[in-house]
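Residue numbers (the working numbering), protein chains in the order written: chain A, 32 to 220; chain B, 56 to 286.
Think of the CB as a built atom: it goes at the ideal place given N, C-alpha and C, for glycine as much as any other residue.
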Amino acid sequence: MAEAQRGNLGAFNELVRRHQGTAYAIALRMTGDEDLAADIAQDAFIAAYQRITSLRGVFRPWLCRIVVNGCYDALRKRKPEVSLESLQDADDGHSIGEQALGLADPSQGPEDRALQAELRRGLQRALASLPEGQRAVVVLVDVQGLSYQEAAEALRCELGTLKSRLNRARLRLRGELSGLLGRQQQGEQ
Amino acid sequence: MIGRDVPHGWVRERCSAYLSGELADAERQAFESHLAGCATCRAEVREVDQLVAALRSLPIPMPPCTFELTPAQAAQAERHRSWLWPLLPSLASGMATLLFLVVLVDVGGQVVGAPRASAPAPAAAQATAPGTEPRSLRAPAAGAPAPAAAQPAAPQAGKSTASDSAVAQNTSNATTAPAQPAAPMPIFMPPAMRRPAEGRLAWEAPLLLVLAGTAVASWAWRRRTRRRSLG
Chain A
32 MAEAQRGNLG AFNELVRRHQ GTAYAIALRM TGDEDLAADI AQDAFIAAYQ RITSLRGVFR
92 PWLCRIVVNG CYDALRKRKP EVSLESLQDA DDGHSIGEQA LGLADPSQGP EDRALQAELR
152 RGLQRALASL PEGQRAVVVL VDVQGLSYQE AAEALRCELG TLKSRLNRAR LRLRGELSGL
212 LGRQQQGEQ
Chain B
56 MIGRDVPHGW VRERCSAYLS GELADAERQA FESHLAGCAT CRAEVREVDQ LVAALRSLPI
116 PMPPCTFELT PAQAAQAERH RSWLWPLLPS LASGMATLLF LVVLVDVGGQ VVGAPRASAP
176 APAAAQATAP GTEPRSLRAP AAGAPAPAAA QPAAPQAGKS TASDSAVAQN TSNATTAPAQ
236 PAAPMPIFMP PAMRRPAEGR LAWEAPLLLV LAGTAVASWA WRRRTRRRSL G
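Printed below as a string of structure tokens:
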């Protein structure tokens, strides 16, 4: 990272290669739109290149903050279209490719695969129904696996605030997906 | 000590903390004893656990392309790079120093100014600006002790705000009674301008010094960054 901070483009692109999956995944889970997610991720890396000399901490949470802020901006601009509607179109496979969101898993049997795909579709739809702040916490911690500390740094909030926001978001998601989760449990038994 | 009969809300609030093993022993025992007797909460906790597992098992989507920057994109980003970002650290320290110096000059000036302000009223009145003199003289208790004089003077100012009178009162408290005619100043004035300036640093001097220091530090920082990026 020190090399990248000195303006070495090769070193910066090494960071891009290492973190582009995370950046794109966060943007896709936040917006539910592949093209928009790719634009957000690309813009985030350009912004990161411009500001990397001011970075004093760890790269990953800092990059996540840029991506999440990019998502907030993009969602605000797109507000009239309402992201939830575009995500609901995903049921018909229009707005988001199922492959992109990992809704289909070819390694399972047909019934399991259908249930898993339904659960994942439900998850994406329920995520879209969350307020942006709660969605960001769930995406960073539960989907991307950031530690509480990293997520708090990325979202610039206190650890306690992050944990209570995460708990509220999970309870809300559970409320949305109660039927699906129950069916999955019965399927496992 | 937490009782065994904790409410549902208490359990819901601690659901994630319980699942990630963050509850203290007493809380965990209370949580588990509530779950043992409450099927609703038990189902909820189990479903949240399933939900977290499902979220964690979501596959990481593959980016449709690489986001590596081309030399052209990097050059464009360099051109649009805000000049402010690299300056932020030095600007922040410069502003902090400036604030410190302003406070230092203010406090130091008041301490140095205190004995001088005990001069008799006419002398102090002469030292004030001519523009403030008529209003000060119109004050009903111009020669009286500070609080007594400051309060009648405030209505005289007519449109002066509460903060103005607070500034006036602070000044009058610092300079004691005879300096009163200069006290009810309606607007904020830098400390050195409220007092006679001879034999004392002007208020602008430290400000200019700090600004010059900030500029030099910023220039050095930019130069160092540019040299590194070229090398």
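Between the Cα of residue i and those of the options, spot the shortest distance and give me the residue it belongs to.
i, options, result
"B:G151", "B:G268, B:S112, B:V107", "Correcting the residue type first, residue 151 of chain B is Ala in the shown sequence and not Gly. Closest by alpha carbon: B:G268."
"B:A275", "B:L146, B:F155, B:G76, B:L262", "B:L146"
"B:E123", "A:V99, A:N100, A:D70", "A:D70"
"A:N44", "A:Y80, A:K108, A:G191", "A:Y80"
"B:H63", "B:A81, B:E87, B:T121, B:P118", "B:E87"
"A:K108", "A:T62, A:G206, A:R152", "A:T62"
"B:H135", "A:R214, A:R82, A:S209", "A:R82"
"A:N100", "A:R87, A:E65, A:A54", "A:A54"
"B:T121", "A:E207, A:S195, A:R49", "A:R49"
"B:A85", "B:L154, B:A98, B:C70", "B:C70"
"B:M117", "A:L146, A:Q36, A:A68", "A:A68"
"B:A81", "B:A270, B:A272, B:V61, B:V271", "B:V61"
"A:I77", "B:E133, B:R101, B:A72", "B:E133"
"A:N39", "B:A130, B:R97, B:L263, B:L262", "B:A130"
"B:I115", "A:R214, A:G52, A:G153, A:R37", "A:G52"
"B:L74", "A:R60, A:Q36, A:N198, A:D143", "A:N198"
"A:A35", "A:Q73, A:C102, A:A56, A:T84", "A:T84"
"B:R97", "B:L154, B:P261, B:R67, B:A270", "B:R67"
"A:C102", "A:R152, A:S178, A:I57, A:E142", "A:I57"
"A:G88", "A:L211, A:Q180, A:G191", "A:Q180"
"A:S178", "A:R91, A:S209, A:R60", "A:R91"
"A:A148", "A:R214, A:M32, A:R201", "A:R214"
"A:L222", "A:A183, A:A200, A:A182, A:L208", "Nothing about residue 222 of chain A can be read from this structure; chain A reaches only from 32 to 220."
"B:A272", "B:Q128, B:L153, B:G149", "B:G149"
"A:D74", "B:R83, B:Q128, B:D161", "B:Q128"
"A:V47", "B:R83, B:L153, B:L263, B:T125", "B:T125"
"A:R201", "B:A270, B:L263, B:D161, B:V100", "B:V100"
Mind reading off the beta-carbon distance from residue i to residue j? Whole number of angstroms is fine, and I expect it under 8 angstroms.
i, j, result
"A:V168", "A:L193", "6 angstroms"
"B:V265", "B:L156", "6 angstroms"
"A:L161", "A:R203", "6 angstroms"
"A:Q165", "A:R196", "6 angstroms"
"A:E65", "B:P261", "So it is not a contact: roughly 57 angstroms between Cβ atoms."
"A:G153", "A:L211", "5 angstroms"
"A:L106", "A:E142", "With 8 angstroms as the limit, A:L106 and A:E142 do not qualify as a contact, their Cβ atoms being about 36 angstroms apart."
Practice item. Taking a Cβ distance cut-off of 7 angstroms, strictly less, list which residues of the stretch 83–112 of chain A are near chain B, in chain order. Key: Along the stretch 83–112 of chain A, going in chain order, the ones with a CB nearer than 7 angstroms to a CB of chain B are T84, S85.
Review point. Using Cβ-Cβ distances below 8 angstroms, what residues of the stretch 198–213 of chain A are close to chain B?
Key: N198, R201, L202, L204, R205, L208, S209, L212, G213
Exercise for review: Inspect the CB distances between the stretch 166–185 of chain A and the stretch 99–111 of chain B and report whether three or more fall short of 8 angstroms.
Suggested key: Verdict: yes, contact present.
Review point. Three or more beta-carbon pairs under 8 angstroms between the stretch 39–59 of chain A and the stretch 99–107 of chain B, yes or no?
Key: no
Exercise for review: Report yes or no: do the stretch 175–192 of chain A and the stretch 96–103 of chain A share at least 3 C-beta pairs separated by less than 8 angstroms?
Suggested key: yes
Review point. Does the stretch 80–96 of chain B touch the stretch 142–162 of chain A, meaning 3 or more C-beta pairs lie closer than 8 angstroms?
Key: no
Check your understanding: Looking at chain A, which residues of the stretch 102–115 of chain B have a Cβ within less than 7 angstroms of any of its Cβ atoms?
Key -> Within the stretch 102–115 of chain B, the residues whose Cβ lies closer than 7 angstroms to some Cβ of chain A are E102, V103, Q105, L106, V107, A109, L110, R111, L113, P114, I115, listed in chain order.
Review point. According to a CB-to-CB cut-off of less than 8 angstroms, which residues of the stretch 145–170 of chain A neighbour chain B?
Key: L150, R151, L154, V169
Review point. Of the residues that make up the stretch 41–52 of chain A, which ones have a beta carbon closer than 8 angstroms to any beta carbon in chain B?
Key: F43, N44, V47, R48, Q51, G52
Exercise for review: Output, in sequence order along the chain, the residues in the stretch 51–67 of chain A whose CB is closer than 9 angstroms to any CB in chain B.
Suggested key: Q51, G52, T53, A54, Y55, A56, L59, R60, E65, D66
Review point. What residues from the stretch 70–82 of chain A come within 9 angstroms of chain B, judged by C-beta to C-beta, listed N to C?
Key: A72, Q73, A75, F76, I77, A78, Y80, Q81, R82
Exercise for review: With 8 angstroms as the limit, tell me which residues of the stretch 180–197 of chain A have their beta carbon closer than that to any beta carbon of chain B; keep them in chain order.
Suggested key: K194, S195, L197
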